[in-house]
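Chemist: Take the sequence shown: its position 133, counting from 1, is numbered 133 in the UniProt record's numbering, and each next residue is one higher. A virtual CB, placed ideally from N, CA and C, is assigned to each residue, including glycine. None of these values were measured; they are calculated from a predicted model. This is the structure, below, for whatever I ask next.
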Amino acid sequence: MRDGTDQIFPIGDTNDAFAQYFIGQSYLAPLTDGSVPVSNVTFEPSCRNNWHIHHGTNGGGDQILLCTAGSGWYQAQGEEPVSMEPGTVIRVPAGTKHWHGAKADSWFSHLAFITPGQSISNEWLEPVTEEVYGRLAK
Numbered sequence: 001m002r003d004g005t006d007q008i009f010p011i012g013d014t015n016d017a018f019a020q021y022f023i024g025q026s027y028l029a030p031l032t033d034g035s036v037p038v039s040n041v042t043f044e045p046s047c048r049n050n051w052h053i054h055h056g057t058n059g060g061g062d063q064i065l066l067c068t069a070g071s072g073w074y075q076a077q078g079e080e081p082v083s084m085e086p087g088t089v090i091r092v093p094a095g096t097k098h099w100h101g102a103k104a105d106s107w108f109s110h111l112a113f114i115t116p117g118q119s120i121s122n123e124w125l126e127p128v129t130e131e132v133y134g135r136l137a138k
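Have a look at this one:
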């Protein structure tokens, strides 16, 4: 990554298309396309996305996050945050309100993809507040 942390996938370009749904700078590197597109998403320290929900039917819409570098957080609404380190895999069931992003003192990268199905969509919600994010340990 730009700070020298090992990264096996490209970090890509600034994630301008989705910047309105992030606090801080993120980068997006599409790795595959087709029925199951896979992207590498990289977050600068303290960068995180807004709360959001992936929707889908017929078994689709689950999000899979595979941490590849750095250290980050994942949190589903009503649950404790989960620390993500390289090798951590999170399955986010369709319909789950959640967010993910870098720890305050670390870059963070994960591969992300959505399981195929019908009526796949993404609903962006409110930002993760400084109060919520600030309670997390580094």
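Just to confirm before moving on: does the CB-CB distance between N50 and G101 stay below 7 Å?
Modeler: no
Chemist: Have a look at W107 and A76 and give me their C-alpha separation to the nearest angstrom.
Modeler: Between W107 and A76, the C-alpha separation is close to 21 Å.
Chemist: Taking the runs of the beta strand (DSSP E) that are 3 residues or longer, which of them lie wholly in the stretch 55-129?
Modeler: As far as the stretch 55-129 is concerned, its whole beta strand (DSSP E) runs of at least 3 residues are 63-70, 72-76, 82-84, 89-92, 98-102, 108-114, 118-124.
Chemist: Between F43, R91, A94, which lies nearest to A69 when the distance is taken from Cα to Cα?
Modeler: F43
Chemist: Are G117 and G34 closer than 7 Å when you measure CB to CB?
Modeler: no
Chemist: In the structure shown, what three-state DSSP assignment does V36 receive?
Modeler: coil
Chemist: Can you check which of these residues, Q20, L28, L65, D6, is closest to T14 by C-alpha distance?
Modeler: L28
Chemist: If you compare alpha carbons, which of M84, H110, T129 is closest to V41?
Modeler: H110
Chemist: Thinking C-beta only, is K97 closer than 7 Å to I64?
Modeler: No, they are not a contact pair.
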